[in-house]
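Written out below as structure tokens is the structure these notes cover.
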Ligand SMILES: [Zn+2]
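Numbering (the working numbering), first residue to last: 16 to 487.
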């Protein structure tokens, strides 16, 4: 981290404050002139240089891939503890999370006949292996998961099911849900129909020979069969071969291993509030990543954005009333283990969790601010949005945010939330691939994200009421 740059940022923030005294309250408005001025100062300082890119460069260089349970995961935990201390967080600690430990081994796939061809594949996360000898079988094709569901019993007996649905590109990522069900539920459904393995078209919007991994979910009532993703162009090749009407035989080898359950950690840093230190504003991202790239956009960016935002607030001459708590959640990719464990560990403290947001949608600019609060607090969220609007951020309707994947357990238990929606137009070109690396990230886009998180967290921390409907 460049200390000089941070000193400059702090100076800019300091200039926007009248003095070191607490922010005065103004009975007629949700936020006083001084509070809005401080939030604007944070916003402008972040746009100048937030420090997020340096944090992201650090984790992608010094740690890199950090699949939950792997040596990279342990390195990430150590990295984050050191980074939070280096950046001057007041309190830094870890909370243990028991997690599965799956390890990817070598993988290979090829068409044996009628047109022999090596294919670009990757194992789905948590897939069982085939054994080093591999397996081979005829392909049976379904366009969608629904078509597989609708197929007669035994339709895939002894075959490899191939689901070819292609994910649609959208700024809000709405193409992901309908497509990803093939990855999550496909393996067990294929097994119920008698299949020996599953192949899917990668759940991604690119046209490169780079396959996308991601977790599958085995059901208890079906045999566990191996499952892999083909890159988009390889899926096209396979479709063209199937279109010739002859049987297509495929050979698949996945050398994965399941290890016993192990321990990872949610890593937590706080900037302590000046008046209500027990009341916390939660921001964060997930610390684990897939193993193919360096976890730059998923979710090193979320860690860097929220860590830099908390750091900027911590550098202010006057701390906000409440505590800013920044969390790096463990093992999100393999099943939200850290977020769920956080909900269990803090179940008695929901009332102290004033509002939460998670950054886990890449490194694109934030374009929308979507609340998930009591109706009576929407005017406060509108007042926060007014300071976000100059960043090109729209108001999001619906009031149904749960913050992000790792805050959803707390939100379900009653914690108010907000989503700072990032532009996901290109996110799924890189998501879960070997191409998820730092060169894809723009420092200016990260700065815009930090500006929004700093404004949101600061004003939520400074606000002297609540977002869940309880009286002030
Ligand atoms: Zn993620």
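Cβ atoms here follow ideal geometry from the backbone N, Cα and C, with glycine treated the same way. This structure is a prediction, so every number in the text was calculated from the model and none was measured.
- Going down the chain, each residue whose beta-carbon is closer than 6 Å to a heavy atom of ligand 1 shows up: 301, 313, 314, 347 and 375.
- Proximity of the segment 137 to 150 to the segment 161 to 173 falls short of the contact definition, fewer than three beta-carbon pairs being nearer than 8 Å.
- Two segments are said to touch when three or more pairs of C-beta atoms, one from each, lie closer than 8 Å; by this definition the segment 261 to 269 touches the segment 125 to 134.
- The secondary-structure analysis by DSSP pairs residue 281 across a beta bridge with 110.
- In the structure shown, residue 349 adopts coil according to DSSP, grouped into three states.
- Here residue 338 is buried, its C-beta having at least 16 other C-beta atoms within 10 Å.
- Counting C-beta atoms within 10 angstroms of its own C-beta, residue 48 has fewer than 16 neighbours from the protein chains shown and is therefore classed as exposed.
- A contact between stretches requires three or more CB pairs, one per stretch, nearer than 8 Å, and the segment 381 to 389 fails this requirement with the segment 439 to 450.
- When DSSP states are grouped into helix, strand and coil, residue 305 belongs to the coil group.
- The Cβ atoms of residue 307 and residue 318 do not sit closer than 9 Å to each other.
- Under DSSP, the beta-bridge partners assigned to residue 268 are 123.
- Contact between the segment 181 to 191 and the segment 156 to 164 is absent: fewer than three C-beta pairs spanning the two stretches fall below 8 Å.
- Burial is judged here by how many other beta carbons sit within 10 angstroms of a residue's own beta carbon; residue 220 has at least 16 and is buried.
- Within the model, the alpha-carbon separation for residue 151 versus residue 273 is close to 22 Å.
- Using a 10 angstroms sphere on the CB of residue 463, the tally of other CB atoms reaches 16 or more, which defines it as buried.
- Taking every protein chain shown into account, the CB of residue 108 has fewer than 16 other CB atoms within 10 angstroms, so this residue is exposed.
- Contact between residue 112 and residue 346 holds, since their C-beta atoms are separated by about 6 Å, short of 8 Å.
- Contact between the segment 215 to 229 and the segment 242 to 249 is present, with at least three C-beta pairs closer than 8 Å.
- As DSSP reads the structure, residue 132 sits in a beta bridge with 126.
- Within the same chain, Cβ atoms closer than 6 Å to the Cβ of residue 238 are found at 206, the five residues on either side in sequence being excluded.
- Residue 356 sits close to residue 110, with the two beta carbons spaced by under 9 Å.
- If the five residues before and after residue 116 are omitted, its C-beta is found closer than 6 Å to the C-beta atoms of 84, 274 and 277, all from its own chain and listed in chain order.
- Assignment of residue 138 by DSSP, reduced to helix, strand and coil, places it in the strand class.
- CA-to-CA, the gap between residue 330 and residue 472 works out to about 14 Å.
- Secondary structure note for residue 437: it is in no alpha helix (DSSP H), and the uninterrupted beta strand (DSSP E) holding it is 432 to 437.
- In the structure shown, residue 95 adopts helical secondary structure according to DSSP, grouped into three states.
- Membership of residue 400 in the alpha helix (DSSP H) is indicated by the continuous run 393 to 403.
- By alpha-carbon distance to residue 71, the top candidate from 486, 475 and 453 is 453.
- Cβ-Cβ distances below 6 Å link residue 121 to 270 in the same chain, with the five nearest sequence neighbours on each side left out; the list follows chain order.
- Secondary structure note for residue 173: it is in no alpha helix (DSSP H), with a DSSP letter that is neither H nor E.
- Put simply, of 255, 399 and 167 the residue whose alpha carbon is nearest the alpha carbon of residue 51 is 399.
- Judged by DSSP in its simplified three-state form, residue 157 adopts strand.
- Take the alpha-carbon of residue 65 and the one of residue 231: they are about 36 Å apart.
- Between residue 396 and residue 297, the C-beta spacing is not below 9 Å.
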